[in-house]
Amino acid sequence: MAEKLRSIRGIHDGLPQQVEIWRKIESAARRVFARYAVAEVRLPILEPTELFVRSIGEATDIVSKEMYSFVDQGDAHICLRPEGTAGAVRAYLQAGLTRAGTQRWYYCGPMFRRERPQKGRLRQFQQIGVEWFGAAGPVEDVEVLAMAHDFLVEIGLSELRLELNSLGCPACRPAYRDRLVDYLQQRADHLCATCHERMDKNPMRVLDCKEEQCQQQLQDAPEMVAHLCQGCAGHFAAVRCGLDALAIRYQVNPRIVRGLDYYNRTAFEIVTDQLGAQGTVLAGGRYDGLVQELGGPATPAIGFAAGLERLAMLLDAPSPTSPDIAVVALGDVVMDWSLQQAAALRSRGISVIHCGGGSAKRQFKIADRELVRYTLIIGEDEMAQGKVTLRNMSTGEQQLLSPDEIVLPA
Ligand code: ATP
Ligand code: MG
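Residue numbering for the sequence shown follows my numbering, starting at 1236 and increasing by one per position.
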């Protein structure tokens, strides 16, 4: 017998109950983002592989081992997007918007990374992301953080922790990096294989190692926040002041680094303790160098992305929704008229299923299984009078009415 086909490991189906939660989160995002005048963009899922190699950086986990990339029939190197920022920058440049003033964008959609699947870590997952182009000052950082905060409050997650760091800039980071590498080399014997690899390619990523033993070694590691240049220190202080002014609580966490190379200055994560090692539900930061890196003029920018599946795990499943009315048509003669009644109710915004005719027993079974609030029973007698019988399924109470008299209590 042929084996059953299953979805790819780490790639899940969104069944109705699940999608209901996602939609709630997305509509909260849309409401909140609109208040900040942030507009939706819908960007390609397939992009040239080169885009991610150039923006995210070859030494990152994403580019070195997690991308789903392939060569198509025309020998083009193509990749399923692992994140949204690079594509947004590409689109911004391609549309010639660099002189059009601040662009505030958001997107919702699937991203793909071939990592080891775990709870909260999938190979296809969804992000709600925001990118602000032309956002220079610390005020924009504060506004973006406030928006992320408002979004989580809107979906009922006000208890999450905002962690903040500064990653410095090309002026102050190299000197810090050298100090960090010195520190790491002295402890190299006690660091894991991944840390060794990162030490050479991307030493700040070592700070992010999830191994307990490595974290112990890192306790006294030099911190970027203590080595910022004047410009970066001033920027960081202003961001903190702004958050204080808005009474948004945060903690400075000098261990926050982004997995991608293009970030500078403000970096942040919003975390929960409820999801183990997958506790970061939203992450972002400033990426002032990226637009230029991809061929545009120097353009400061900041953004974040939230993982929809991780957010959904923190929310209760909504109770399943059932149709308002099931139409029970008794006899072939009434079929057409019953279809018209169903259509008329739907045009008034009422959700209706038609039980498809046949025996009354079969149709009531359907109505029961679907947990409808009412059945609309239509027999020849009813139709002759231009009326229908409305039965309240919880009380059993029945009324003979003309279809346009039907008003359902909320
Ligand atoms: P992590 O450290 O958990 O791997 P990351 O730094 O790779 O996260 P980002 O690239 O910053 O994550 O993506 C932003 C958000 O997208 C994350 O905070 C998380 O909520 C979500 N996310 C990232 N990777 C995955 C994944 N494989 N499965 C589900 N959600 C993910
Ligand atoms: Mg990751």
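From the three backbone atoms N, C-alpha and C, an ideal C-beta is built for every residue, glycine too.
As the structure is a computational prediction, the values presented were derived from the model and not from experiment.
Exposure of residue i, with buried meaning 16 or more beta-carbon neighbours within 10 Å
{"i": "F1305", "result": "exposed"}
{"i": "R1440", "result": "buried"}
{"i": "D1424", "result": "exposed"}
{"i": "Q1575", "result": "exposed"}
{"i": "Q1451", "result": "exposed"}
{"i": "D1479", "result": "exposed"}
{"i": "Q1633", "result": "exposed"}
{"i": "R1408", "result": "buried"}
{"i": "D1455", "result": "exposed"}
{"i": "I1613", "result": "buried"}
{"i": "D1567", "result": "exposed"}
{"i": "G1621", "result": "exposed"}
{"i": "D1523", "result": "buried"}
{"i": "I1641", "result": "buried"}
{"i": "R1241", "result": "exposed"}
Heavy atom of ligand 2 within 8 Å of residue i beta-carbon
{"i": "D1413", "result": "no"}
{"i": "E1446", "result": "no"}
{"i": "R1316", "result": "no"}
{"i": "R1241", "result": "no"}
{"i": "I1297", "result": "yes"}
{"i": "E1350", "result": "yes"}
Residue i, enclosing alpha helix (DSSP H) - first and last residue
{"i": "A1573", "result": "As written in the sequence, residue 1573 is Ser, which differs from the Ala given in the question. 1570-1582 is the extent of the alpha helix (DSSP H) around S1573."}
{"i": "C1430", "result": "1428-1436"}
{"i": "T1284", "result": "1284-1291"}
{"i": "E1261", "result": "1251-1270"}
{"i": "V1416", "result": "1408-1421"}
{"i": "V1526", "result": "1525-1528"}
{"i": "K1300", "result": "Counting along the chain, K1300 falls outside any alpha helix (DSSP H), and DSSP gives it neither H nor E."}
Any non-hydrogen atom of ligand 1 within 8 Å of residue i CB
{"i": "A1599", "result": "Reading off the sequence shown, one finds Phe at residue 1599, where the question assumed Ala. For ligand 1, not one heavy atom lies less than 8 Å from the Cβ of F1599."}
{"i": "G1542", "result": "yes"}
{"i": "Q1513", "result": "yes"}
{"i": "G1322", "result": "no"}
{"i": "D1443", "result": "yes"}
{"i": "Q1362", "result": "yes"}
{"i": "G1355", "result": "yes"}
{"i": "G1519", "result": "yes"}
{"i": "E1366", "result": "no"}
{"i": "M1570", "result": "no"}
{"i": "R1440", "result": "no"}
{"i": "M1302", "result": "no"}
{"i": "R1358", "result": "yes"}
{"i": "E1504", "result": "yes"}
{"i": "V1379", "result": "no"}
{"i": "M1382", "result": "no"}
{"i": "F1433", "result": "In the sequence as displayed, the identity of residue 1433 is Arg instead of Phe. Because no heavy atom of ligand 1 lies under 8 Å away, the Cβ of R1433 does not count as near it: no."}
{"i": "R1493", "result": "yes"}
{"i": "V1516", "result": "yes"}
{"i": "R1244", "result": "no"}
{"i": "R1490", "result": "no"}
{"i": "R1545", "result": "yes"}
{"i": "M1459", "result": "no"}
Boundaries (first-last residue) of the beta strand (DSSP E) holding residue i
{"i": "Y1609", "result": "1609-1613"}
{"i": "S1304", "result": "1303-1306"}
{"i": "V1623", "result": "1623-1627"}
{"i": "A1541", "result": "1536-1542"}
{"i": "L1315", "result": "1312-1315"}
{"i": "Q1633", "result": "1633-1636"}
{"i": "E1504", "result": "1499-1506"}
{"i": "V1563", "result": "1560-1564"}
{"i": "L1517", "result": "1515-1521"}
{"i": "I1588", "result": "1587-1589"}
Cutoff 9 Å: residue i Cβ touching any chain C Cβ
{"i": "V1562", "result": "Going by chain labels, chain C is absent from the structure shown, which holds only one protein chain."}
May I ask you to verify whether the region 1314-1324 touches the region 1447-1462, counting CB pairs closer than 8 Å and requiring at least 3?
The region 1314-1324 is not in contact with the region 1447-1462.
Can you list, in chain order, the stretches of the alpha helix (DSSP H) that have 4 or more residues and sit fully within the region 1465-1492?
Counting only runs of 4 or more, we get 1465-1480.
Taking contact to mean 3 or more Cβ pairs, one atom from each stretch, closer than 8 Å, check whether the region 1578-1586 and the region 1392-1404 are in contact.
In the pairwise beta carbon analysis, the region 1578-1586 is classified as not touching the region 1392-1404: fewer than three pairs are separated by under 8 Å.
Would you say the region 1546-1553 touches the region 1523-1534, given that touching needs at least three Cβ pairs under 8 Å?
Fewer than three Cβ pairs drawn from the region 1546-1553 and the region 1523-1534 lie within less than 8 Å of each other, which leaves the two stretches out of contact.
Between the region 1408-1422 and the region 1515-1525, do three or more beta carbon pairs fall short of 8 Å?
They do not touch, by the three-pair rule.
Tell me whether the region 1383-1396 and the region 1506-1513 touch, counting them as touching only if at least three CB pairs, one residue from each stretch, are closer than 8 Å.
By the Cβ rule, the region 1383-1396 counts as touching the region 1506-1513, because three or more pairs are nearer than 8 Å.
If we require 4 or more residues per run, which alpha helix (DSSP H) segments fall completely within the region 1322-1395?
Within the region 1322-1395, the complete alpha helix (DSSP H) runs of at least 4 residues are 1373-1389.
Do the region 1464-1475 and the region 1372-1379 make contact, defined as three or more Cβ pairs closer than 8 Å?
At 8 Å Cβ cutoff, the stretches touch.
Three Cβ pairs or more, each shorter than 8 Å: is that satisfied between the region 1292-1299 and the region 1322-1337?
No, the region 1292-1299 is not in contact with the region 1322-1337.
Cβ contact (3+ pairs, closer than 8 Å) linking the region 1558-1574 and the region 1596-1611
Flag = yes, the region 1558-1574 and the region 1596-1611 touch.
Under 8 Å, with one C-beta from each stretch per pair, do the region 1357-1371 and the region 1475-1493 reach the 3-pair mark?
In short, these stretches do not touch, since the Cβ pair count stays below three.
How do the region 1338-1357 and the region 1425-1438 stand: do at least 3 beta-carbon pairs fall below 8 Å, yes or no?
No contact exists between the region 1338-1357 and the region 1425-1438.
Tell me whether the region 1241-1255 and the region 1353-1364 touch, counting them as touching only if at least three CB pairs, one residue from each stretch, are closer than 8 Å.
The region 1241-1255 vs the region 1353-1364: in contact.
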